[in-house]
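One structure is given here, and the rest of the page talks about it.
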């Protein structure tokens, strides 16, 4: 179908692998397609770092990589992984109160005092307005922090 529709464009190697060999891979694969994703290999980076730090020889780059590879092969072997005893967590059922909290519709959140004082609804406020108000308050606080005491002398000298 690809060749019929897009015969004018050369097929890339990736497209060729997926379209031509994809069906054979799916039918003959031992693992499901979901386990062949990149996420699993990205998660192994944590193990790689741990194995390099704690279980590899560090005086030779070749020996270090060999030790890491052997450890990764051992930890990824399905037979060895299934021999390992799984730690079972003790689980208890949720209490009736907790189930009711999860199922019940939450009550509406009442407006805060700040919303009432300003005389406007938060839904009517745009994000930019809120940020500008905060910037003005921050500027007032900065003026108080950097008061160098010039006004204090005038206050004491007027007596």
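Residue numbers (this note's numbering): 579 to 737. Glycine is no exception: its CB is placed at the ideal position from the N, C-alpha and C atoms.
Straight-line Cα distance separating residue j from residue i
{"i": "residue 710", "j": "residue 691", "result": "Only weak support exists for where residue 710 lies, its pLDDT of 46 falling under 50; the value from the coordinates is given anyway. Whole-angstrom Cα-Cα distance: 20 Å."}
{"i": "residue 595", "j": "residue 657", "result": "30 Å"}
{"i": "residue 652", "j": "residue 580", "result": "41 Å"}
{"i": "residue 637", "j": "residue 644", "result": "12 Å"}
{"i": "residue 633", "j": "residue 642", "result": "9 Å"}
{"i": "residue 662", "j": "residue 606", "result": "27 Å"}
{"i": "residue 654", "j": "residue 592", "result": "26 Å"}
{"i": "residue 621", "j": "residue 590", "result": "29 Å"}
{"i": "residue 600", "j": "residue 617", "result": "20 Å"}
{"i": "residue 604", "j": "residue 640", "result": "35 Å"}
{"i": "residue 674", "j": "residue 683", "result": "15 Å"}
{"i": "residue 677", "j": "residue 671", "result": "10 Å"}
{"i": "residue 582", "j": "residue 588", "result": "12 Å"}
{"i": "residue 584", "j": "residue 597", "result": "13 Å"}
{"i": "residue 623", "j": "residue 602", "result": "30 Å"}
Of the residues the options, the one placed nearest residue i, counting alpha carbons only
{"i": "residue 648", "options": "661, 638, 630 and 663", "result": "630"}
{"i": "residue 628", "options": "638, 593, 646 and 619", "result": "646"}
Near the ligand SAM: residue i beta-carbon under 8 Å from a heavy atom
{"i": "residue 654", "result": "Absence of the ligand SAM is noted for the structure shown, with no ligands found whatsoever."}
Residue i - containing alpha helix (DSSP H), residue span
{"i": "residue 680", "result": "674-681"}
{"i": "residue 582", "result": "580-584"}
{"i": "residue 665", "result": "Run containing residue 665: none; DSSP gives neither H nor E here."}
{"i": "residue 647", "result": "639-654"}
{"i": "residue 763", "result": "With the chain running from 579 to 737 in the structure shown, residue 763 is simply not present."}
{"i": "residue 599", "result": "591-606"}
Nearest-angstrom Cβ-Cβ length linking residue i and residue j, presumed shorter than 8 Å
{"i": "residue 626", "j": "residue 609", "result": "At roughly 20 Å, the Cβ-Cβ gap does not stay under 8 Å, so residue 626 and residue 609 are not in contact."}
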